[in-house]
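Participant:
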Amino acid sequence: METPEMTEATGTEAKRLSRRKADSLILIDIVTEKSRRVELMTRAELFEVFRERAATAPEPEVEELLESADRQMDETFGRKPGQVSFVPPPTRDKVKRAENQSKLPTMRAQREAFTRRELLRSLIAGDLEKTTSIAEAAEAREKAEAAAAAPVEPRLITEEYFSDILAETLESDCGLAKLVSWDNVEYYHYRPLLSCTYARILSAKNNPVEQLCDLVRESSRIYPRPVVVETFQQPPFNFTPEQIQEILQQISKDPKRQDIRYTETSIGTVYLYSRTYLEDDYADFIAEHIDVDILESP
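Counting the sequence shown from 1 gives a position; the numbering used here is that position plus 1412.
This is the structure:
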């Protein structure tokens, strides 16, 4: 996994990521940890954790970062030396099949492993320091070893510096995403592990009415199709039928949400849609098609 910069460089010193890119990586890792737990991170929380970690974090060695990404790929796909990936052997044993299935990587694990490797390649590209002689390489190595042995003097991480690194990281499109919630709270998430749609739902946990309306409008605008009402009894909503009924009553009395409407199919299933993006007749047709026509087709 050598880059052109690595092969062109002479000498044997450890090549390190620049300070600013190392700090971008710290930011991404902090948010990734939260997204892995299906949680959002506020700007204030991100600043506090970043200030603590970045204060004493060394500039990481490029080779170690790449090796770590390779190990993550191997662990995710159950690869051994000489293997491309884990392929479960065929078996009639149900217990064994279940065991083999548990060894297969999940889509989230695959996305995390792939994006981690590509992220590091992107950060490293064009950011390697080159030496022109073995003597310079030895001197650089000695300095690195001395710095590693010496006590680390914590850096002062200011709000201004944090804002600069955060803006650079967002502009680099490395998977870090910003979300401003309905009540103007700034959240961050890692897109490969937590989609924008899911993040928006989480950001409105304190407002069930907003959660429901946001999903209905998005479905009507993007797909476009209505949403079956039972969707809101499932995670991450987990509303009871009584809560859904109460939310719909609140919506019916809110002048700002009069675009949210419902349609009922011929077998009694209720769907919700936004009149802003779906005409009534088309919403009726799509709901009937999803709920009845597709199921009855051979």
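Ideal Cβ positions, reconstructed from N, Cα and C, are used throughout, including at glycine.
So residue 1675 is in the beta strand (DSSP E); what residue range does that whole segment cover?
Facilitator: Counting along the chain, the beta strand (DSSP E) containing residue 1675 begins and ends at 1672 to 1676.
Participant: In angstroms, rounded to a whole number, what distance separates the CA positions of residue 1623 and residue 1613?
Facilitator: 6 Å
Participant: Roughly how far, in whole angstroms, is the beta-carbon of residue 1677 from the beta-carbon of residue 1699, given that I think they are within contact range, below 8 Å?
Facilitator: 5 Å
Participant: Are three or more beta carbon pairs between the stretch 1637 to 1653 and the stretch 1589 to 1601 nearer than 8 Å?
Facilitator: Output reads no: the stretch 1589 to 1601 does not touch the stretch 1637 to 1653.
Participant: So, helix, strand or coil for residue 1573, using DSSP?
Facilitator: Annotated three-state conformation of residue 1573 is helix, per DSSP.
Participant: With H, G and I counted as helix, E and B as strand and the rest as coil, what does DSSP make of residue 1589?
Facilitator: strand
Participant: Shortest alpha-carbon distance to residue 1457 belongs to which of 1673, 1599, 1691?
Facilitator: 1599
Participant: Expressed to the nearest angstrom, what Euclidean distance is found between the alpha-carbon atoms of residue 1683 and residue 1671?
Facilitator: 14 Å
Participant: Measuring straight from C-alpha to C-alpha, what distance separates residue 1463 and residue 1443?
Facilitator: Taking the straight line from one Cα to the other gives about 14 Å.
Participant: Does the distance between the C-beta of residue 1608 and the nearest non-hydrogen atom of the ligand PLP fall short of 7 Å?
Facilitator: You won't find the ligand PLP in this model; it holds no ligand whatsoever.
Participant: Ends of the alpha helix (DSSP H) at residue 1632?
Facilitator: 1620 to 1634
Participant: Do the stretch 1602 to 1611 and the stretch 1580 to 1591 meet, that is, are 3 or more Cβ pairs less than 8 Å apart?
Facilitator: yes
Participant: My understanding is that residue 1686 touches residue 1629, with C-beta atoms under 8 Å, so please give their C-beta distance in whole angstroms.
Facilitator: 4 Å
Participant: According to the Cβ coordinates, are residue 1529 and residue 1471 closer than 8 Å?
Facilitator: no
Participant: With burial defined as no fewer than 16 other Cβ atoms inside 10 Å of the residue's Cβ, what is the status of residue 1633: buried or exposed?
Facilitator: exposed
Participant: For residue 1662, which option in 1621, 1673, 1616 has the closest C-alpha, if you only look at C-alpha atoms?
Facilitator: 1621
Participant: Could you give the distance in angstroms between the alpha-carbon of residue 1704 and the alpha-carbon of residue 1679?
Facilitator: The alpha-carbon atoms of residue 1704 and residue 1679 are separated by roughly 8 Å.
Participant: Of all the options 1508, 1488, 1481, which has the alpha carbon lying nearest to the alpha carbon of residue 1534?
Facilitator: 1481
Participant: Can you say whether residue 1524 is buried or exposed, counting buried as having 16 or more other CB atoms within 10 angstroms of its CB?
Facilitator: buried
Participant: Which same chain residues end up closer than 6 Å to residue 1455 when comparing Cβ atoms and leaving out the 5 residues on each side of it in sequence?
Facilitator: Excluding residues up to 5 positions away in sequence, 1598 lie with their Cβ nearer than 6 Å to the Cβ of residue 1455 in the same chain.
Participant: Grab me the residues of residue 1453's own chain with a C-beta within less than 6 Å of its C-beta, minus the 5 sequence neighbours each way, in chain order.
Facilitator: 1443, 1446, 1600
Participant: How big is the Cα-Cα spacing for residue 1369 and residue 1706?
Facilitator: No statement about residue 1369 is possible, as the shown extent of the chain runs from 1413 to 1710 and does not include it.
Participant: Please check the pair residue 1429 and residue 1536, which I expect to be a contact at CB under 8 Å, by giving their CB distance rounded to whole angstroms.
Facilitator: At roughly 7 Å, the Cβ-Cβ gap stays under 8 Å, so residue 1429 and residue 1536 are in contact.
Participant: Alpha carbon to alpha carbon, what distance is there between residue 1582 and residue 1437?
Facilitator: 12 Å
Participant: Under 8 Å Cβ to Cβ from residue 1626, same chain only, skipping five residues before and after it: list those, please.
Facilitator: Residues of the same chain with a CB within less than 8 Å of the CB of residue 1626, apart from the 5 flanking positions on each side, are 1594, 1612, 1613, 1616 in chain order.
Participant: Please state if the CB of residue 1427 and the CB of residue 1473 are separated by a distance shorter than 8 Å.
Facilitator: The Cβ atoms of residue 1473 and residue 1427 sit closer than 8 Å to each other.
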